Amino acid sequence: MSQPMLSLKPEAPSGNTPKATPHLLPCRVHHTGSVDPVQSFWDPKADESGTGTAYFRGRKLQGKTVKLPEGYRGIVAVASPPEEPSRRPEEPEVVDLEAEAPLGTLQAQAEFDEIVVWGHEVAVDGAADPYLRGAEEWLALADKIHSYPATTAKEK
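So that you can map any letter, position 140 of the sequence shown is 140 in the UniProt record's numbering, and since no number is skipped, the others follow by simple counting.
Written as structure tokens, this is what we have:
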């Protein structure tokens, strides 16, 4: 069996990964610096039906909370560069074209059991939203390939 291309390492050795709620926003922000204080940019409010309303850069957003199915958990992870094999400095580098791809590492930062998907002006529709549809289709496919057919009385 071949080696996996990615491995997931827990955030803390104790295994106490913090809980989070990811938000999928229909926007692209070209900024990599600090946004403190976050409350001045992002302060969503939920109404009695559970639909969230927020304003981001003057645009009204409507959010829908989606719970992950039973037996699933989400992980917020950051990619770490693949580990370089250790070798002595005087050794020449040998390239093996038949060798497997280097193993990358994902470092868990938080875990979640629900996400909030935001839409412009209206709450997202599960049938039309590509993120929700993709997640539902992937879960259905994963369920099919990881399940076993039920045995009948004749097969026993």
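Even for Gly, the Cβ is constructed at its ideal location relative to N, Cα and C.
These numbers come from a predicted model, not from an experiment.
1) Taking aspartate 129 and valine 117 to be in contact with their CB atoms under 8 Å, please state how far apart those CB atoms are, rounded to whole angstroms.
2) Expressed to the nearest angstrom, what Euclidean distance is found between the alpha-carbon atoms of alanine 54 and valine 29?
3) Looking only at DSSP bridge pairs, what is valine 66 linked to?
4) Quick check on DSSP: helix, strand or coil for tyrosine 148?
5) Give the DSSP-derived three-state secondary structure of leucine 97 in the structure shown.
6) Between which two residues does the beta strand (DSSP E) containing alanine 79 stretch?
7) Taking DSSP as the reference, what is the three-state secondary structure of alanine 127?
8) Per DSSP, what kind of secondary structure is arginine 59 in: helix, strand or coil?
9) Hey, how far is the Cα of isoleucine 115 from the Cα of threonine 105?
10) According to DSSP, is serine 40 helix, strand or coil?
If we stick to the structure as given:
1) 6 Å
2) 16 Å
3) Ile115
4) coil
5) Because the pLDDT of leucine 97 is 49, which lies under 50, any placement of that residue in the model is unreliable, and the number read from its coordinates should be weighed accordingly. Reduced to three states, the DSSP call for leucine 97 is coil.
6) 74–80
7) coil
8) strand
9) 24 Å
10) helix
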